[in-house]
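For the record, the sequence lines run as chains R and P. Going by the UniProt record's numbering, the first sequence opens with residue 1, and the numbers climb by one from there. Going by the UniProt record's numbering, the second sequence opens with residue 1, and the numbers climb by one from there.
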Amino acid sequence: MTKVVVDPLTRIEGHLRVSTEVDDNGVITDAQSSGMLFRGIERIMMKRDPRDAARLVQRICGLCPTAQSMASVNALDDLFGVAESIPKDALVTRNIIQGLNTLTSHATHFYVLWMPDIVNPAYRDILATVDNTGPALWKELLSRFAPISYKMDGEAITPGAGYINAIKQKKNLEEAMALIGGKMPHQMSTIAGGVTYLPTVADIGKLTSYYLNLMDFVNTSTLSVGAETWLDNTFRASSPQKAVNFVMEHLQEVVDGSLASQNFSKAKGWGDLELFAAFGSELIGETLGLPATFKFDRTGQYAEDANVGYLTYGVFYDVENGDGYNPTEFGKSGFQQAAFINSSLEKKSFNHEYITEETTHAFYETDEGLHPFDGVTEPVRTADEISYEGGSDSKYTWMKAPRYNGIPCEVGPISRMLAMGEPLTVGLMNLFKDNGYSAANSFTRMIAKMQETLILSEQLLKWVTVDLDPNGKYYVDTDLKMAKDSEGIGLWEAPRGALGHWIKSGSDSMVTNFQMVVPTTWNASPRDKNGVAGPLEQALIGTKISAAENMMGIDNTNPTGILHTARSFDPCIACAVHTIDLSNKDKEQGTFTIV
Amino acid sequence: MEKTEKQDFLSMDRRTFLKVVGAIGASTFLGLHRTQITKALELSKTKVIWLHGAECTGCSASLLDAGNPDIMQAINKLSVDLVFHETIMAHQGIFVDGAPAGTSELNSEILLDEAIEEGDYILVVEGAIANGPDGSGKYCMYGERTFKDMFEKAASNASMIMAVGMCAAFGGINSADSDIADLTDFRGVDFVKESHSKGMLTELGIDKPVINIAGCPSHPDWVLLTLAAVILGKFSLNDLDSVLDKYKRPTVFFPETNTMHDNCPRRGYYDRGILDDDFSGEGCLLKVGCKGPYTRSDCGLRKWNNGVSMCTQAGSSCIGCAEPGFPDSTSPFYEMGEDKPLMGGVTIDTAAKVGTAAAVAGVGVHALRRFVFKDKEE
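What follows is the structure in structure tokens.
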């Protein structure tokens with residue numbers, strides 16, 4: 001038994017440690033996921049003017065600050081009692097800002113954070129065993145996905161074109177966001193009561209131009225068939241099976257047109273997504289008759305699908321219904337709806353009251369599973385109590401363990417796509433399930449993310465060109481007194497998953513409790529009081545440590561299995577490590593029961 | 001152009017600097033120094049180690065949004081060897097049975113230790129440094145050590161340190177008032193809020209040249225142009241006082257005699273006494289809490305995201321994110337800072353009243369402006 005620890009896991013946001021035990025067959029038999037930082041932002045919100053939340057809480061994350069500000073303004077709209085009168089055009093503006101943030105985050109994750117793993121030297125070695133095809137493919141991958149400051153065998157590698165262009169796209173999209181949000185990161189426009197910026201007719205033109213710039217990148221780099229054709233045949237397919245069939249037929253065509261010539265260039269139909277889709281999956285690669293596969297569908301899969309659910313709070317306002325939204329019914333209508341999806345992929349209605357957080361294995365004093373409105377947690381106060389070495393039975397992280405009805409849940413693009421009934425994602429997950437794979441794995445996580453990127457870009461154009469009215473109303477006035485003795489729920493989706501803020505205020509309208517349950521707390525959750533591991537931990541246990549299923553032998557010094565899996569959850573640790581109100585520590589322990 | 005080439009841009013006055021950079025683009029500006037760059041290239045690359053403490057990665061995200069120059073131009077033209085940067089590097093920390101595994105080409109911890117050992121690098125710090133609990137630093141760890149230890153080692157061997165963003169420079173949001181602030185005890189590199197004595201370098205007894213790039217996040221131009229100035233030797237590290245203010249911010253970006261308010265796109269409304277009462281108008285945002293008059297930054301001229309916009313242009317009051325006391329000194333963000341003394345000892349309340357009165361009287365308030373901002377802190 002070998003202890004293999006990745007610390008820090010880079011190319012994510014924040015400090016994540018993944019500690020595993022690996023047996024002699026290269027199988028991960030135990031895993032702990034640890035958040036390594038304690039900032040106390042929720043505590044900082046205490047006794048402050050609640051309106052500051054939308055600015056301050058955004059400082060939790062520089063990659064998805066917009067989502068944090070949105071969850072906050074949702075909670076504030078509720079706290080101030082104005083949610084039902086937020087003007088429609090303010091809601092459209094918020095949708096556009098969030099849409100842009102999600103696109104930016106997804107593009108950055110795919111190209112800059114995740115894909116550099118595909119040029120790990122382990123794959124060079126594996127591909128070298130495949131005559132002709134292997135080296136040609138390796139050359140293509142390096143030219144697209146090599147990160148900056150990368151060296152192999154002492155040789156500096158030129159950064160990949162896809163990598164560099166994705167950074168340019170990030171910049172393009174952040175400029176679009178700045179246009180209506182003031183600046184990025186940490187946009188300034190979303191505020192309790194609406195938004196501060198009143199877009200002009202000219203802005204609609206400019207936003208459209210930023211959009212077209214994005215689509216140029218997508219259509220020349222990401223996909224060889226073009227986004228519209230792809231969505232017509234997948235997202236708008238009449239059944240999941242038809243969506244999968246389209247993708248398989250398209251990939252087969254690309255493969256047939258290039259395998260003989262060993263040419264994997266864009267000219268031969270290999271967009272970045274086609275490359276990933278064909279070579280990333282063992283199941284798909286074998287069907288297509290490819291001589292090499294990275295087997296990402298074998299990493300990050302759940303040993304027991306039954307132990308994990310999929311959760312989404314829903315995101316984007318239903319702007320077609322005019323002004324206002326209902327905070328307690330959020331996600332019931334609109335573009336991406338709330339849902340809990342069980343391990344059999346059955347969709348259930350979502351109720352925020354089922355959410356609890358536990359701290360048995362986190363560095364806090366209490367260990368009760370309480371609803372966020374009533375959460376009571378106290379961080380350990382001495383250095384001796386902070387140790388990451390104790391294993392699964394100890395405390396080992398600053399992340400709490402959120403549970404929905406007692407179940408650990410994966411959040412993120414997969415959950416949102418399942419809730420939408422998105423044909424390609426559903427079809428692929430069923431395909432994997434029917435063939436003895438876990439429906440969720442590193443491969444399906446990445447495909448769902450790219451599919452969402454394409455779907456959302458199209459939707460964005462509708463908000464910009466159809467729904468946004470420059471002559472509309474963008475703000476309803478709020479007065480601090482309106483927040484007296486109140487409470488607010490703010491549900492939303494960050495690019496990496498379900499994000500909720502819960503806020504309470506006292507007789508002076510100042511904050512008395514502020515709670516955040518964030519995506520990475522869900523995904524990288526530690527064990528709960530019953531010893532049930534969080535999704536990332538479960539996705540590691542039972543999988544192999546080395547590249548392409550230990551094909552070249554077990555190499556614990558290059559644990560690609562951990563890298564692919566952990567990064568496939570797009571972790572954001574700064575969001576995930578936080579604490580709550582100490583001043584309420586004498587409060588009676590919660591009596592919340594799970595139905 | 002030749003004239004420009006000879007100018008030391010961090011010691012230029014701000015307007016000249018912005019005019020030059022704005023007119024020709026910073027990448028061209030860097031191109032003008034090709035001779036010096038070529039010399040630098042012949043010698044060696046400038047190594048940069050970029051560490052992340054308690055932060056949100058917003059400053060790195062902001063850096064990727066850089067336009068003048070963009071990040072690749074900066075790296076190529078300035079011959080920067082970005083040795084270590086957690087968010088974008090190919091490597092990661094790997095430990096097998098407790099020992100660092102493999103080589104520096106895959107293992108970031110080995111890479112980092114080797115680079116620190118070699119010395120001769122600029123250390124960029126993004127994020128605050130935990131000192132708690134009880135000086136242990138264990139509220140922020142990675143690579144099987146506390147960030148405090150890592151910082152100590154990296155700072156000791158660095159040629160100089162750039163603290164990028166509010167967390168690294170002044171503690172930022174990590175050091176904001178709360179009933180656990182003493183427990184977590186987050187420190188900036190050389191300051192905590194306005195206090196130099198509480199900076200982590202003082203705590204550790206390390207003396208190094210430090211430049212603080214304020215802002216939450218920092219503007220990419222502020223970071224890259226300062227880095228360029230350091231690499232091109234545009235000023236002496238032994239004489240930083242001439243280009244920095246007392247909080248060690250480059251005065252060219254954080255001018256001592258001007259505030260954001262002076263160049264605010266909504267400044268005209270202030271001058272006419274048109275002060276909005278809520279966020280649905282186009283007037284001056286002073287009464288809804290704008291901290292522009294307290295904030296020394298060139299946001300109003302430079303703007304953000306390649307010059308697209310900035311906070312007040314988008315109708316949002318400035319929250320003073322470039323001031324050392326942020327966020328405590330500028331919050332509540334949406335209330336007028338009536339009890340805060342402005343430069344020259346006038347309160348903002350007085351200024352607003354005079355501004356309104358002046359508009360009513362049909363008198364321009366430029367005289368008021370000169371009065372209010374006549375002197376910097378006395």
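Glycine residues also receive a C-beta, built at the ideal position from the N, C-alpha and C atoms.
When the Cα of residue i is compared with those of the options, which residue comes out closest?
i             : options                                   : result
ASP59/R       : GLY119/P, ARG145/P and GLY165/P           : First, the amino acid is wrong: residue 59/R is Arg here, not Asp. Selected option, being the one with the closest Cα: GLY165/P.
ALA524/R      : SER19/R, ILE341/R and VAL4/R              : SER19/R
PRO185/R      : CYS318/P, PHE333/P, SER62/P and LYS45/P   : SER62/P
SER415/R      : GLN336/R, GLU357/R and ILE157/R           : GLN336/R
GLU537/R      : ASN556/R, GLY506/R, ALA547/R and PHE569/R : PHE569/R
PRO535/R      : TYR325/R, ALA547/R, ILE545/R and TRP522/R : TRP522/R
LYS504/R      : ASP374/R, CYS409/R and ASN405/R           : ASP374/R
residue 622/R : ASN321/R, GLU320/R and ALA338/R           : The shown model of chain R, from 1 to 595, leaves out residue 622/R, and the question about it has no answer.
ASN101/R      : VAL315/R, PRO423/R, ASP52/R and LEU563/R  : VAL315/R
GLY497/R      : ALA161/R, GLU452/R and LYS473/R           : GLU452/R
CYS216/P      : GLY268/P, LEU275/P and GLU323/P           : GLU323/P
ASN405/R      : MET420/R, GLY309/R and CYS572/R           : GLY309/R
GLY162/R      : PHE145/R, TYR150/R, ALA156/R and GLY154/R : PHE145/R
PHE326/P      : ASP276/P, ALA128/P, LEU286/P and GLY171/P : GLY171/P
HIS250/R      : ALA362/R, GLY490/R and ASN233/R           : ASN233/R
PRO495/R      : SER34/R, GLN68/R and ASP23/R              : GLN68/R
THR158/R      : ALA166/R, SER149/R and ARG403/R           : SER149/R
Would you check whether the ligand HEM has a heavy atom nearer than 7 Å to the C-beta of residue i?
i        : result
ILE573/R : You won't find the ligand HEM in this model; it holds no ligand whatsoever.
Starting from the beta carbon of residue i, find every residue of chain P whose beta carbon is closer than 8 Å, and list them in chain order.
i        : result
CYS61/R  : CYS56, THR57 and GLY58
PRO147/R : ILE88, MET89 and ALA90
ASN556/R : VAL96 and ALA101
PHE475/R : The residue you asked about is not Phe; residue 475/R is Tyr in the sequence shown. Near TYR475/R (Cβ distances below 8 Å), the residues of chain P are ASP278, PHE279 and SER280.
ALA383/R : PRO133, ASP134, SER136 and LYS138
ILE97/R  : By Cβ distance, chain P contributes nothing, its closest Cβ being about 10 Å from ILE97/R, past 8 Å.
Going along chain R in order, which residues have a C-beta closer than 7 Å to the C-beta of residue i?
i        : result
ASN174/P : ARG39
PHE95/P  : VAL5 and ASP7
PHE61/P  : Position check: residue 61/P holds Ala in this sequence, whereas Phe was assumed. What ALA61/P touches in chain R: GLY62, LEU63 and PRO185.
TYR121/P : In chain order: nothing, as chain R lies at least about 13 Å away.
PRO250/P : Under the 7 Å cutoff, chain R gives no residues; its nearest Cβ is about 20 Å from PRO250/P.
LEU244/P : Residues of chain R passing the Cβ test: none, with the nearest at roughly 24 Å.
Check the C-beta distance from residue i over to residue j and give it rounded, since I have them as a contact under 8 Å.
i        : j        : result
HIS460/R : ILE28/R  : Sequence inspection shows Leu at residue 460/R; the His mentioned does not correspond to that position. No, LEU460/R and ILE28/R are not in contact; Cβ-Cβ is about 39 Å, not under 8 Å.
SER509/R : LYS529/R : Their Cβ separation, rounded to whole angstroms, is 36 Å, which puts SER509/R and LYS529/R out of contact at 8 Å.
HIS564/R : ASP78/R  : The pair is not a contact, with the Cβ atoms about 39 Å apart (cut-off 8 Å).
GLU126/P : THR10/R  : Not quite, the Cβ-Cβ distance comes to about 14 Å (not below 8 Å), so this is no contact.
ASN53/P  : ILE116/P : Checking the sequence, you will find Gly at residue 53/P rather than Asn. In fact, because the Cβ distance is near 16 Å, the residues do not count as touching under 8 Å.
SER88/P  : PRO147/R : Note on identity: in this sequence residue 88/P is Ile, with Ser being the wrong assignment. 6 Å between Cβ atoms; contact.
LEU286/P : LEU301/P : At roughly 19 Å, the Cβ-Cβ gap does not stay under 8 Å, so LEU286/P and LEU301/P are not in contact.
GLU55/P  : ALA122/R : GLU55/P to ALA122/R, Cβ: 31 Å. No contact.
Applying a beta-carbon distance threshold of less than 8 Å, which residues of chain R neighbour residue i?
i        : result
PHE333/P : ASP49, ARG51, ASP52 and ARG55
TRP304/P : ALA178, GLY182, LYS183 and MET184
Mind listing the chain P neighbours of residue i? Cutoff is C-beta to C-beta under 9 Å, in chain order.
i        : result
MET516/R : Correct list: empty, because the minimum Cβ distance to chain P is about 13 Å.
LYS170/R : ALA61, LEU64 and ASP65
Any beta-carbon of chain B closer than 8 Å to the one on residue i?
i        : result
HIS250/R : Absent from the structure: chain B. Protein chains present are R and P.
Quick check: the segment 293-310 of chain P against the segment 170-185 of chain R, are there 3 or more CB pairs under 8 Å? Note that the segment 293-310 of chain P touches the segment 170-185 of chain R; at least 3 beta-carbon pairs, one per stretch, sit closer than 8 Å.
Would you call the segment 100-110 of chain P and the segment 258-266 of chain P in contact, with 3 or more CB pairs under 8 Å? Result no; under three Cβ-Cβ pairs closer than 8 Å.
Whole beta strand (DSSP E) elements within the segment 166-243 of chain P, 3-residue minimum: Fully enclosed beta strand (DSSP E) runs of 3 or longer: 210-213.
Take every Cβ of the segment 266-281 of chain R, pair it with every Cβ of the segment 300-317 of chain R, and state whether three or more of those distances are shorter than 8 Å. With the cut-off at 8 Å, the segment 266-281 of chain R and the segment 300-317 of chain R do not touch.
Which whole runs of the beta strand (DSSP E) in the segment 91-152 of chain R are 3 residues long or more, in chain order? Within the segment 91-152 of chain R, the complete beta strand (DSSP E) runs of at least 3 residues are 150-152.
Ranges of the alpha helix (DSSP H) found wholly within the segment 15-90 of chain R, counting only runs of at least 4: Segments of the alpha helix (DSSP H) lying fully in the segment 15-90 of chain R: 41-45, 53-56 and 65-79.
Can we say the segment 44-52 of chain P touches the segment 122-129 of chain P, given the rule of at least three CB pairs closer than 8 Å? Between the segment 44-52 of chain P and the segment 122-129 of chain P there are three or more inter-stretch CB-CB distances shorter than 8 Å, so the stretches are counted as touching.
Could you tell me whether the segment 214-228 of chain P touches the segment 179-195 of chain P, where touching means 3 or more Cβ pairs closer than 8 Å? Output reads no: the segment 179-195 of chain P does not touch the segment 214-228 of chain P.
Contact between the segment 50-68 of chain R and the segment 399-410 of chain R: three or more CB pairs below 8 Å? Counting C-beta pairs closer than 8 Å gives fewer than three between the segment 50-68 of chain R and the segment 399-410 of chain R, which falls short of the contact rule.
Quick one: complete beta strand (DSSP E) runs, 3+ long, within the segment 411-495 of chain R? 487-494, all fully within the segment 411-495 of chain R.
I'd like the ranges of any beta strand (DSSP E) spanning at least 3 consecutive residues and lying wholly in the segment 74-128 of chain P. Complete beta strand (DSSP E) runs here, min 3: 80-85, 94-96 and 121-126.
Evaluate contact between the segment 438-453 of chain R and the segment 62-75 of chain R, counting only Cβ atoms and requiring at least three cross-stretch pairs below 8 Å. By the Cβ rule, the segment 438-453 of chain R does not count as touching the segment 62-75 of chain R, because fewer than three pairs are nearer than 8 Å.
Below 8 Å, how does it come out for the segment 279-289 of chain R and the segment 427-447 of chain R: are there three or more Cβ pairs, yes or no? Proximity of the segment 279-289 of chain R to the segment 427-447 of chain R meets the contact definition, three or more beta-carbon pairs being nearer than 8 Å.
Are there three or more Cβ pairs, one per stretch, closer than 8 Å when the segment 350-365 of chain R is compared with the segment 102-122 of chain R? The segment 350-365 of chain R vs the segment 102-122 of chain R: no contact.
Write down every uninterrupted run of the alpha helix (DSSP H) in the segment 169-206 of chain R whose length is 4 residues or greater and which is fully enclosed by it, in chain order. You should have found no qualifying run.
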